[in-house]
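Quick mapping for you: the protein sequence lines, in order, are chains A and B.
According to full-length UniProt numbering, the first sequence is numbered sequentially starting from 1.
According to full-length UniProt numbering, the second sequence is numbered sequentially starting from 1.
Glycine is no exception: its CB is placed at the ideal position from the N, C-alpha and C atoms.
Just so it is clear, the structure is predicted and the values come from calculations on it, not from any experiment.
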Amino acid sequence: MDLPGPIHDFLLVFLGSVLILGGMGVVLFTNPIYSAFSLGLVLVCISLFYILLNSYFVVVAQLLIYVGAINVLIVFAVMFMNGSEYYKDLNLWTIGDVVTLPVCTSIFVLLMIIITDTSWYGIIWTTRSNQIIEQDLISNSQQIGIHLSTYFFLPFEFI
Amino acid sequence: MMLEHVLVLSAYLFSIGIYGMIMSRNMDIALMCLELILNAVNMNFKYFLNFVMAITLAEAAIGLTIVSSIYHNRKSTCINQSNLLNK
């Protein structure tokens with residue numbers, strides 16, 4: 001919201017479409033290396049989403065920890081496995097597979113209905129007003145600590 | 001729907017992760033879908049708050065140690081064969 005309008009919209013649409021394709025790619029690839037790299041792409045996209053939400057430290061933290069450590073561990077774990085096992089995949093649709101697809105789409109449709117039906121502005125205003133009221137009662141040294149851990153976190157971490 | 005795109009995308013990733021965990025024949029893909037689910041929930045938290053990362057990081061670390069110990073003990077990744085508790 002601090003970014004100019006067209007950049008915000010373009011980033012939202014681009015990252016959203018890459019996220020949708022990458023999410024489908026994690027599930028639908030049979031080769032586990034392809035799905036591991038698709039998971040890495042999804043994690044990078046999620047971390048770029050946090051730029052839109054104005055929490056800049058989390059972007060770098062997510063990139064370092066999730067993509068740099070956890071995804072690398074997943075790729076190593078995939079590489080240690082025997083590669084001849086997924087050639088035995090017969091690609092049959094069992095009864096469990098037929099049942100889960102409508103169940104999962106109904107979960108997603110339910111969540112969409114919930115998201116579009118709740119008035120988020122009312123909820124955020126009431127919870128954030130509590131936070132604003134409580135901040136006036138904190139002493140000065142605590143406020144320095146709060147500022148160090150929120151506004152000046154990045155130079156704090158570098159030092 | 002302008003500000004709610006993040007919530008919709010996290011709901012989508014969550015449902016795709018659940019579907020992938022149930023559907024996957026391979027244990028690696030199930031672990032990756034679990035990471036998808038955790039990241040989707042994390043994204044949902046961060047829409048409302050600014051710094052929430054500790055729980056999901058601990059969860060990911062624990063999950064990875066469990067999976068590495070599973071890989072160390074058994075040599076195959078078929079989920080259908082994990083019925084050792086049945087005997």
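In its own chain, which residues sit with a C-beta less than 6 Å from the C-beta of isoleucine 51/A, not counting the 5 before and 5 after it? Taken in chain order, the residues that qualify are Val59.
Straight-line gap, leucine 36/B to glycine 20/B (C-alpha atoms, nearest Å): Rounded to whole angstroms, the gap between the alpha carbons of leucine 36/B and glycine 20/B is 10 Å.
Start-to-end residues for the alpha helix (DSSP H) that takes in threonine 105/A: In the DSSP annotation of this structure, the continuous segment of the alpha helix (DSSP H) that includes threonine 105/A starts and ends at 95-117.
Would you kindly work out how many angstroms separate the C-alpha atoms of leucine 111/A and leucine 13/B, rounded to a whole number? Approximately 11 Å between the Cα atoms of the pair.
Quick check: the Cα distance between phenylalanine 45/B and leucine 7/B, rounded to an integer number of angstroms? When rounded, the distance between both Cα atoms is 10 Å.
Would the region 65-72 of chain A and the region 94-114 of chain A be scored as touching if the rule is three or more Cβ pairs under 8 Å? Flag = no, the region 65-72 of chain A and the region 94-114 of chain A do not touch.
Taking only the alpha-carbon atoms, compute the straight-line gap between leucine 148/A and leucine 53/A and give it to the nearest angstrom. Cα to Cα, leucine 148/A sits roughly 20 Å from leucine 53/A.
Residue-level contact to chain B via CB, aspartate 117/A, 8 Å cutoff: Closer than 8 Å to the CB of aspartate 117/A there is not a single CB belonging to chain B.
So, under 8 Å CB-CB, phenylalanine 57/A and leucine 15/A are touching, yes? Tell me the CB distance rounded to an integer number of Å. Actually they are not in contact, since the Cβ atoms of phenylalanine 57/A and leucine 15/A sit about 19 Å apart, beyond 8 Å.
Tell me the residue span of the alpha helix (DSSP H) that contains isoleucine 159/A. In the DSSP assignment, isoleucine 159/A falls outside any alpha helix (DSSP H) and carries neither an H nor an E.
Run down chain A in chain order and give the residues with a C-beta less than 7 Å from the C-beta of leucine 7/B. Residues of chain A passing the Cβ test: Ile115.
When you compare only the Cα positions, how much space is there between aspartate 28/B and leucine 38/B? Their backbone Cα atoms lie some 16 Å apart in a straight line.
Please list the partners that residue 90/B has in chain A, where partner means a Cβ-to-Cβ separation under 8 Å. Nothing can be reported for residue 90/B, as the shown portion of chain B is limited to 1 through 87.
Mind checking the region 15-27 of chain B against chain A and listing, in chain order, the residues whose C-beta falls within less than 7 Å of any C-beta there? Cβ contacts with chain A: Ser15, Ile16, Ile18, Tyr19, Gly20, Ile22, Met23, Arg25 and Asn26.
Residue span of the alpha helix (DSSP H) that contains leucine 11/A, given as start and end: It spans 5-28 - the alpha helix (DSSP H) in which leucine 11/A sits, taken as one unbroken run.
Restricting to Cα atoms, I'd like to know which of Ala58/B, Ile62/B, Ser10/B and Leu34/B is closest to isoleucine 18/B. Isoleucine 18/B has its Cα closest to that of Leu34/B, out of Ala58/B, Ile62/B, Ser10/B and Leu34/B.
Whose Cβ in chain A lies nearer than 7 Å to the Cβ of isoleucine 62/B? Within chain A, no residue comes near isoleucine 62/B; the closest Cβ sits about 12 Å away, beyond 7 Å.
Cβ shell of alanine 36/A (< 6 Å), same chain only, five flanking positions each side left out: Beyond the five residues adjoining it in sequence on each side, alanine 36/A comes within less than 6 Å, by CB distance, of Ile74, Val75 and Val78 in the same chain, given in chain order.
Distance check for isoleucine 95/A and methionine 1/A, CA to CA, integer angstroms please. Note that methionine 1/A scores 49 on pLDDT, short of 50, meaning its location in the model is unreliable; the coordinates nonetheless yield the value given after this. So the two alpha carbons sit approximately 46 Å from each other.
Is leucine 63/A near serine 47/A, with beta carbons less than 8 Å apart? Taking 8 Å as the Cβ cut-off, leucine 63/A and serine 47/A qualify as a contacting pair.
Under 8 Å, Cβ to Cβ, is there at least one residue of chain B near proline 32/A? Closer than 8 Å to some Cβ of chain B, the Cβ of proline 32/A qualifies, so yes.
C-alpha gap between isoleucine 16/B and glutamine 143/A, whole angstroms: It is roughly 42 Å from the alpha-carbon of isoleucine 16/B to the alpha-carbon of glutamine 143/A.
So if I threshold CB-CB distances at 8 Å, which residues from the region 47-59 of chain A count as touching chain B? Within the region 47-59 of chain A, Phe49, Tyr50, Leu52, Leu53, Ser55, Phe57 and Val58 place their CB atoms closer than 8 Å to a CB of chain B, listed in sequence order.
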